[in-house]
Amino acid sequence: MAKEKQVFFCKECGYESAKWLGQCPGCHSWNTFVEERITVGAQRNSAARRDAVAPTSILKVTTADESRIHTGIIELDRVLGGGIVRGSLVLVGGDPGIGKSTLLLQMCRRLVHDNTSVLYVSGEESLSQIKMRAERIGAFEQDMLLLCDNDMDNVASAIGKCQAEVVVIDSIQTMVVDSLGTAPGTVTQVREVTARLMQLAKQLNVAVFIVGHVTKEGTVAGPRTLEHMVDSVLYFEGDGNHGFRILRGVKNRFGSTNEIGVFSMTESGLSEVDNPSGVMLNGRPTGVSGSVVVSSLEGTRSILVELQALVCQTNFNMPRRTSVGVDYNRVNLIMAVLEKRAGLNLWGYDAYVSVAGGMKINDPAIDLGIACAIYSSMNNKPLSDSLMIIGEIGLAGEIRGVSNVMQRIREADKMGFTCCMIPKSNYDKTMEKLSIKVYAVSSLTEALTLL
Ligand code: TYD
Ligand code: MG
């Protein structure tokens, strides 16, 4: 017998609990639990099915020819791992207004241009609104099917009937399965809709893109509650103050993750940025202390970014430390190493570290850059404008090797830098022949003396 049950879900990550909790044990966010009623079906008697299932030998499994559909947008293809895989379910998450609908509509335009059939389902916008947006990004030369509906049963039958190769659902939070009886956007709804779309994608071998809004307030379940259910997860980041947007792959069953695609928002939709370093370094101040250029490896590309530090005397008992775009704990650790191993007296100084341009960096190769920026600002000593710094810092004050050094140096060379500082363990003789001057350092003190 099916019966109704009351449960609480975290609307950030989907953690389920029998009672309300102030803080989510799953993602540690506060006040994210919402009450929902779910129907629990009667246990299926699966004894009969159990006999029918038998394991298969891996040698006998044949892989279906994995022909990918190219979107024609190079930055998007790269993040998808070389194009769209048929039968895959891709989640595109991001803040409202960041450009998810625009990106997907542009993708659809390119797809229909290459004679791929596309169905665009919108639960948010009317037909004329979509048409208006389409006119902004450029005329459609081929036909594309549109559907404005938010009932999952209708959408499912439309997908079955029109036999499109690619389907876009904009957005998952507006779709409802009527029989569940809950409001659209709740955790149970978005999960059920996603599960149905997954089934459709695999059955009909269509690629399905779903849009998911990331929201902090309200009762809308975020895309993180779906991450484990889909094949690929792409997040669209960037802040409204900067024209550029970064599409980041955080999960991909058919390719590598950590790839990024860089776009800029223009009057006529998103345009691809083929030289991200140029964009990131645009407007860099010259001859200012605390500014350093570092290299961050994003997937297969190395991107040069400007890192800034500001160190000034504190007016409080406890000095203030703030970081934007880099890990806060990492900055504290580097400052501790600077105090202990390089004799820098940072106690009594506030320190602010930020990545210019609003990018977020996780690459440990920027450690040495952070240290040099802090040192430069502390001593009010500007560094050379044509110097690029890479290296990871250990607790003993040693500079550890980083990956893909040659690629990073080449990018710096291409961008017109004349010298770079790298870890000694990454140095080899062939680097002498390069037009860019390479300084190899093995410890933090050595690096700071060299500056
Ligand atoms: P949109 O794709 O609607 O965002 P999302 O679907 O993620 O909520 O993007 C909307 C923003 O993009 C809006 O602020 C206007 C801007 N925009 C442009 O600047 N140029 C354009 O050509 C288009 C279509 C949108
Ligand atoms: Mg939208």
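Just so we're aligned: 217 in my numbering is position 215 of the sequence shown, and the numbers increase by one with no gaps anywhere. The C-beta atom is built at its ideal place from N, Cα and C for all residues, glycine as well.
Check, Outcome
"Return the chain-ordered list of same chain residues with a C-beta closer than 6 Å to the C-beta of Met380, the five sequence neighbours on each side being excluded.", "Val313"
"With a Cβ-Cβ cutoff of 8 Å, do Leu299 and Met417 count as a contact?", "no"
"Does the Cβ-Cβ distance between Val195 and Met177 come in under 8 Å?", "yes"
"Between the segment 369–388 and the segment 290–298, do at least 3 Cβ pairs fall closer than 8 Å?", "yes"
"Give me, in chain order, the residues of the same chain whose beta-carbon lies closer than 6 Å to that of Leu147; leave out the 5 immediate sequence neighbours on both sides.", "Leu121 and Cys164"
"What do you reckon, is the C-beta of Glu269 under 7 Å from a heavy atom of ligand 1?", "yes"
"Tell me whether the segment 392–401 and the segment 358–375 touch, counting them as touching only if at least three CB pairs, one residue from each stretch, are closer than 8 Å.", "yes"
"Quick check on the burial criterion: 16 or more other C-beta atoms within 10 angstroms. Buried or exposed for Met320?", "exposed"
"I want to check one thing, is the minimum distance from the CB of Glu126 to the heavy atoms of ligand 2 below 7 Å?", "yes"
"Roughly how many whole angstroms lie between the Cα atoms of Trp22 and Ile212?", "29 Å"
"Leaving out the 5 sequence neighbours to the left and right, which residues in its chain are closer than 6 Å to Phe256 when beta-carbon positions are compared?", "Gly83 and Val87"
"Please say whether Gly301 and Glu274 have beta carbons closer to each other than 8 Å?", "no"
"Note down, in chain order, each residue of its chain lying with its Cβ closer than 6 Å to the Cβ of Asp352, except the 5 sequence neighbours on either side.", "Cys314, Thr316, Pro321 and Arg322"
"Nearest to Ile100 by alpha carbon, out of Arg138, Ser266 and Leu228?", "Ser266"
"Quick check: Ser258 and Glu413, are their CB atoms within less than 8 Å of each other?", "no"
"Let me check one thing: in DSSP terms, what residues is Tyr351 bridge-paired to?", "Gln315"
"Starting from Pro278, follow the alpha helix (DSSP H) in both directions and report where the run begins and ends.", "Pro278 to Leu283"
"Would you list the one or two residues that DSSP bridges to Leu236?", "Val94 and Gly251"
"Would you check if there are 3 or more beta carbon pairs closer than 8 Å linking the segment 166–175 to the segment 105–113?", "yes"
"Kindly list the residues whose CB is nearer than 7 Å to the CB of Leu450, restricted to its own chain and excluding five residues on each side of it in sequence; keep chain order.", "Ala344 and Tyr377"
"Considering just the uninterrupted stretch of the alpha helix (DSSP H) at Ile161, what are its terminal residues?", "Met154 to Cys164"
"So Gly263 and Arg80 are supposed to be a Cβ contact under 8 Å. How far apart are they, rounded?", "6 Å"
"Starting from the C-beta of Glu18, find all residues in its chain whose C-beta is less than 7 Å away, skip the five residues before and the five after it, and write them out in chain order.", "Val9 and Phe11"
"Which class does Pro425 belong to by DSSP, given the choice of helix, strand or coil?", "strand"
"Measuring alpha carbon to alpha carbon, tell me which residue in Ala367, Leu453 and Gly327 is nearest Trp406.", "One point to set straight first is that residue 406 is Asn, not Trp, in the sequence displayed. Nearest C-alpha to Asn406: Ala367."
"Return the CA-CA distance between Asn117 and Gln144, expressed in angstroms with no decimal places.", "8 Å"
"From the DSSP secondary-structure annotation, give me the bridge partner or partners of Glu308.", "Val295"
"Determine whether the Cβ of Gly83 lies closer than 8 Å to any Cβ atom of chain D.", "Among the chains of the structure shown, chain D does not appear; only one protein chain is present."
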